[in-house]
Amino acid sequence: MTPDMQLALPARAENIAIVRHAFGALGEAYALDTQTLSDIRLAVTEACTNVVVHAYPDDDEGPMEVQATLLGEELTVVVRDKGAGIGPRPDSPGLGLGLPLIASLAESVQLGRDDDEHTEVRMTFSLTDAPHHYDEPGAPHAAADPSMPS
Amino acid sequence: MSDARLEREREDPPRGGTASLRLATGPLVGPVLCRVVSMVLARANCPMDRLDDAMLICDALSAHAPEHARDGHLAFALSASPGEFELRLSELAEQAAPELVRESVLPGVGNVLERMADSLRIEPAADGRADELVLELRF
Numbered sequence: 001m002t003p004d005m006q007l008a009l010p011a012r013a014e015n016i017a018i019v020r021h022a023f024g025a026l027g028e029a030y031a032l033d034t035q036t037l038s039d040i041r042l043a044v045t046e047a048c049t050n051v052v053v054h055a056y057p058d059d060d061e062g063p064m065e066v067q068a069t070l071l072g073e074e075l076t077v078v079v080r081d082k083g084a085g086i087g088p089r090p091d092s093p094g095l096g097l098g099l100p101l102i103a104s105l106a107e108s109v110q111l112g113r114d115d116d117e118h119t120e121v122r123m124t125f126s127l128t129d130a131p132h133h134y135d136e137p138g139a140p141h142a143a144a145d146p147s148m149p150s
Numbered sequence: 001m002s003d004a005r006l007e008r009e010r011e012d013p014p015r016g017g018t019a020s021l022r023l024a025t026g027p028l029v030g031p032v033l034c035r036v037v038s039m040v041l042a043r044a045n046c047p048m049d050r051l052d053d054a055m056l057i058c059d060a061l062s063a064h065a066p067e068h069a070r071d072g073h074l075a076f077a078l079s080a081s082p083g084e085f086e087l088r089l090s091e092l093a094e095q096a097a098p099e100l101v102r103e104s105v106l107p108g109v110g111n112v113l114e115r116m117a118d119s120l121r122i123e124p125a126a127d128g129r130a131d132e133l134v135l136e137l138r139f
């Protein structure tokens, strides 16, 4: 299915703000409630931060692609890069909280590589559920390896 | 990201940048296009009056371009550098670009695209299927 929104930018820290603004506009257009939109933006920010920090470890600057597709009451967001892939990184500058945070905010998370061998983080968000709070005991939580990069 | 690259970004923050945006025709086009364009222009230190002009251009495109989309999507390639901004609209239907320009008239203002842009041209798309509309703003 063709995404409703595709945004491609150089993987630079300042471009994460553009992605956040684009999702703010998407939330406005789809009339998402504040908490849901906030969760989506936070999860997407974490995924994009991973791209900026981990995808291109050398001085090379590669692309960061973000897609959003609304299907019924479910929003699927894919963050993609052309880096080496997701794996444990002992010299990671982060705390390793990024992926667990994404998993706690999204309905489901898949990490992997697409048909073109691009690394992708695929997140789905339910737009019908009542907004969950961070301290809610039953909040959806996918397993994530804390040794993975944040 | 290497420390050297981070350090370079701190010392020499980018002025401008590029973004590619592809949107389904529908409620996303106006809000997303305007926000992304304004962010790209802000990074290029675009003054407020020209930012305003760019928003009028975005409004005109989002109002009229969706009906000329080739297959339900519109693609925008944005590029900004200090003093210059280019917006390239593609995935239009055949012969749609001139019609889109003709339609972009506001009462009392005239043709928004022609008046606000410093340069407006229609170029053949790389895939040869239709034309692209290229707008440039200088500031």
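From first to last, the protein sequence lines stand for chains U and H.
Counting from 1, one number per residue, gives the positions in the first sequence under my numbering.
Counting from 1, one number per residue, gives the positions in the second sequence under my numbering.
For glycine and all other residues, C-beta sits at the position ideal for the given N, C-alpha and C.
message = Along the region 10-41 of chain H, where does the CB come closer than 9 Å to a CB of chain U? Name the residues.
response = Within the region 10-41 of chain H, the qualifying residues are Pro-13, Pro-14, Gly-17, Thr-18, Ala-19, Ser-20, Leu-21, Arg-22, Leu-23, Ala-24, Gly-26, Pro-27, Leu-28, Val-29, Gly-30, Pro-31, Val-32, Leu-33, Cys-34, Arg-35, Val-36, Ser-38, Met-39, Val-40.
message = I'd like to know whether the C-beta of U:Pro-10 is nearer than 9 Å to at least one C-beta of chain H.
response = Counting from 1 along the first sequence, the entry for residue 10 of chain U is found at position 10. Yes, U:Pro-10 counts as interfacial toward chain H.
request  = Please report how far the alpha carbon of U:Asp-115 lies from the alpha carbon of H:Cys-58, in whole angstroms.
outcome  = Here residue 115 of chain U refers to the residue found at position 115 of the first sequence. Here residue 58 of chain H refers to the residue found at position 58 of the second sequence. Spanning the two alpha carbons is a distance of roughly 34 Å.
message = Could you give the first and the last residue of the continuous beta strand (DSSP E) run that contains U:Val-35?
response = Numbered from 1 along the first sequence, position 35 holds the residue referred to as residue 35 of chain U. The sequence as given places Gln at residue 35 of chain U; Val does not occur at that position. No beta strand (DSSP E) holds U:Gln-35; the alpha helix (DSSP H) holding it covers 34-50.
query = Taking Cβ positions only, does U:Leu-75 come closer than 9 Å to chain H?
reply = The residue you call residue 75 of chain U lines up with position 75 of the first sequence. Residue contact check for U:Leu-75 against chain H: no CB pair falls below 9 Å.
query = If you run the structure through DSSP and keep just helix, strand and coil, what is H:Leu-33?
reply = The count along the second sequence starts at 1 and reaches residue 33 of chain H at position 33. Three-state result, H:Leu-33: helix.
ask   = Exposed or buried, H:Ala-65, counting other C-beta atoms within 10 Å across all chains shown (16 or more means buried)?
value = One-based indexing of the second sequence puts residue 65 of chain H at position 65. Burial call: buried.
message = Considering only the alpha carbon of each residue, which of U:Glu-117, U:Leu-111, U:Ala-84, U:Leu-97 lies closest to U:Leu-42?
response = The residue you call residue 42 of chain U lines up with position 42 of the first sequence. Distance from the Cα of U:Leu-42 is smallest, within the candidate group U:Glu-117, U:Leu-111, U:Ala-84, U:Leu-97, for U:Leu-97.
task = In the DSSP assignment, find the alpha helix (DSSP H) that holds H:Leu-92 and state where it starts and stops.
result = Here residue 92 of chain H refers to the residue found at position 92 of the second sequence. Taken as a continuous stretch (DSSP letters only), H:Leu-92 belongs to no alpha helix (DSSP H), as it is neither H nor E.
message = Distance check for U:Met-64 and H:Pro-82, CA to CA, integer angstroms please.
response = Within the second sequence, residue 82 of chain H is the residue found at index 82, counting from 1. Within the first sequence, residue 64 of chain U is the residue found at index 64, counting from 1. Each residue's alpha carbon lies about 23 Å from the other.
ask   = Buried or exposed: U:Pro-3, going by 16 or more other Cβ atoms within 10 Å of its Cβ?
value = Within the first sequence, residue 3 of chain U is the residue found at index 3, counting from 1. The residue in question, U:Pro-3, is buried, as its Cβ has 16 or more Cβ neighbours within 10 Å.
task = Residues of the region 66-94 of chain H with a CB closer than 7 Å to any CB of chain U: list them in chain order, please.
result = From the region 66-94 of chain H, only His-73 have a Cβ closer than 7 Å to chain U.
ask   = Residues in its own chain within less than 7 Å of H:Pro-124 by CB, not counting five upstream and five downstream?
value = Along the second sequence, one-based indexing puts residue 124 of chain H at 124. Excluding sequence neighbours, H:Pro-124 sits near Asp-131.
Enclosing alpha helix (DSSP H) for U:Asp-115 [first to last residue] = Here residue 115 of chain U refers to the residue found at position 115 of the first sequence. From DSSP, U:Asp-115 is part of no alpha helix (DSSP H); its letter is neither H nor E.
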